[in-house]
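Note sheet for the following structure.
Residue numbers (UniProt numbering): 1 to 84.
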């Protein structure tokens, strides 16, 4: 018998994870509190919570809880120099 990442026990190469953990090495936390954004939504409603971490699915947001918008600067063309 051996411990797997401290979140489960392995017996005969099969890991039995403690509650709120999953994965082949019991390294995936199923706790969603770490994914809670300041607006009370999981991953700000712009991502999914996997293994206790947000994966942002909206390309306009990033960050630990997908709350940080990505600003794209527009290229301004000066008509005076256009085509020269």
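Glycine is no exception: its CB is placed at the ideal position from the N, C-alpha and C atoms.
Range of the contiguous beta strand (DSSP E) that encloses residue i
i: residue 13; result: Segment: none, residue 13 is in no beta strand (DSSP E) and carries neither H nor E.
i: residue 55; result: 53 to 56
Residue i burial status per 10 Å Cβ neighbour count (16 or more: buried)
i: residue 61; result: buried
i: residue 40; result: exposed
i: residue 29; result: buried
i: residue 21; result: buried
i: residue 54; result: buried
CB of residue i within 8 Å of CB of residue j, strictly
i: residue 7; j: residue 31; result: no
Reference residue i; option with closest CA among the options
i: residue 66; options: 13, 50, 43; result: 43
Local conformation of residue i per DSSP, three classes
i: residue 66; result: coil
i: residue 2; result: At residue 2 the pLDDT is 48, less than 50, meaning the model places this residue with poor confidence and gives no usable figure here.
i: residue 40; result: coil
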